[in-house]
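The block underneath contains the structure these notes are about, expressed in structure tokens.
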């Protein structure tokens, strides 16, 4: 048998192995039990119904990475902190929808840090920790699995092009509560800070909102927003989350459809 024929046969064999492996994987995926993931957080996670405006929450993009057997229920809302989520009755409404076997991912910090607003402020060293601890207990009481994530990093560079991390105290508090309560933790603060720093001030802009003047009625003079995510930014943060799911070999990692859009 000639070398060319051998190489062709080998290539065909490799193709068949890959083809049937993919088919087997797809068949296995169809046998995954339906499951629900509830998302709880602020505007960086929430759904944005106005698709004409470029802002997206990363939770809005998450289903694009997951198999249809996983239902993502996004309770996150703009401007909410742990305190405000409770005081508005949103947390109780979420609990009324949580079933045994569900997962609940909790991510707050941006609005908890606003000391000028007593309705939202929750000190990282005290109230914020207490709210997270209570959330975990409430979810467990209903037979569901709580998970914690730290807030994403703002795009806040100084004059030396060094990213300023102004939510570190909240990220550390969330990590410590997760360790104390033995729940899965997703350090989206550190992943996003590292990535924005790697990209630098110019390239990182694409992951956040920047709109010109005379285009949107809400911002007639245009705006640059270094907190809220563009489609690219929301997709990137969702990617951070699903890659950490896989790294942890978390049960929800079985429901990951792809890592890249």
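Numbering (this note's numbering), first residue to last: 162 to 422.
Backbone N, C-alpha and C fix where the C-beta goes; we use that ideal spot for every residue, glycine too.
Fair warning: this is a prediction, and the values are worked out from it, not measured in the lab.
Notebook entry, point to check: Taking just the CA atoms, how far does residue 335 sit from residue 182?
Noted result: Low confidence applies to residue 182: its pLDDT is 42, below 50, so where it sits in the model is not reliable, and the reading given next is rough at best. Approximately 40 Å between the Cα atoms of the pair.
Checklist line | Assigned exposure category for residue 395 - 16 Cβ within 10 Å defines buried | finding: Result: buried.
Next item on the list: Go through its chain and collect everything with a Cβ distance to residue 422's Cβ below 7 Å, but skip five positions before and after it.
Entry: Here the set comprises 225 and 396.
Checklist line | Given residue 233 as reference, the closest of 213, 271 and 399 once Cα atoms are compared | finding: 399
Note to self: For the pair the region 349 to 361 and the region 271 to 291, tell me if three or more CB-CB distances fall below 8 Å.
What the structure shows: no
Margin query: Would you call the region 384 to 393 in contact with the region 323 to 343, where contact means no fewer than 3 C-beta pairs closer than 8 Å?
Written below: no
Item checked: 8 Å Cβ shell around residue 252 - same chain, five flanking residues per side excluded -> 201, 246, 296 and 299
Note to self: Can you give me the C-alpha to C-alpha distance between residue 305 and residue 269, rounded to a whole angstrom?
What the structure shows: In a straight line, the C-alpha of residue 305 is about 19 Å away from that of residue 269.
Margin query: Closer than 8 Å is the cut-off here; do at least three beta carbon pairs connect the region 336 to 350 with the region 367 to 377?
Written below: no
Notebook entry, point to check: Do you know whose CA, among 260, 289, 265 and 193, lies nearest residue 274's CA?
Noted result: Ranking the options by Cα distance to residue 274, first place goes to 289.
Next item on the list: Taking the CB atoms as reference points, tell me whether residue 241 and residue 272 lie closer together than 9 Å.
Entry: Residue 241 places its beta carbon less than 9 Å from that of residue 272.
Next item on the list: Assign residue 220 to one of two classes, buried (16 or more other C-beta atoms within 10 Å of its C-beta) or exposed (fewer than that).
Entry: buried
Check: In three-state terms, what does DSSP make of residue 412?
Finding: Here residue 412 sits in helix by DSSP.
Next item on the list: Could you tell me the boundaries of the alpha helix (DSSP H) in which residue 337 lies?
Entry: 329 to 342
Notebook entry, point to check: How long is the line joining the alpha carbons of residue 404 and residue 318, rounded to whole angstroms?
Noted result: 26 Å
Margin query: Can you tell me which residues form a DSSP beta bridge with residue 310?
Written below: 347
Notebook entry, point to check: At which residues does the alpha helix (DSSP H) containing residue 220 begin and terminate?
Noted result: That run of the alpha helix (DSSP H) goes 219 to 222.
Margin query: Among the candidates 363, 420, 386 and 378, whose CA atom is the shortest distance from the CA of residue 217?
Written below: 386
Notebook entry, point to check: Using CA coordinates, which residue listed in 238, 193, 198 and 228 is at the minimum distance from residue 207?
Noted result: When each option's Cα is compared against that of residue 207, the closest is 238.
Notebook entry, point to check: Where does residue 324 sit, in a helix, a strand or coil, going by DSSP?
Noted result: strand
Next item on the list: Please confirm whether any heavy atom of the ligand COA lies closer than 8 Å to the CB of residue 199.
Entry: What this structure holds is no ligand at all, so the ligand COA is not there to describe.
Checklist line | Cα-Cα separation between residue 413 and residue 199, rounded to whole angstroms | finding: 12 Å
Checklist line | Cα-Cα separation, residue 185 to residue 416 | finding: In this prediction, residue 185 has a pLDDT of 41, which is less than 50 and means its spatial position is unreliable; what the coordinates show is noted afterwards. Each residue's alpha carbon lies about 15 Å from the other.
Margin query: For residue 277, count the other beta carbons within 10 Å of its own beta carbon; 16 or more makes it buried, fewer makes it exposed. Which is it?
Written below: It counts as exposed.
Checklist line | Beta-carbon proximity check, residue 205 vs residue 312, cutoff 9 Å | finding: yes
Checklist line | Cross-strand partners of residue 425 (DSSP beta bridge) | finding: Because the chain is modelled from 162 through 422, residue 425 falls outside the range shown and cannot be assessed.
Notebook entry, point to check: If you draw a straight line from the C-alpha of residue 324 to the C-alpha of residue 350, how long is it?
Noted result: 12 Å
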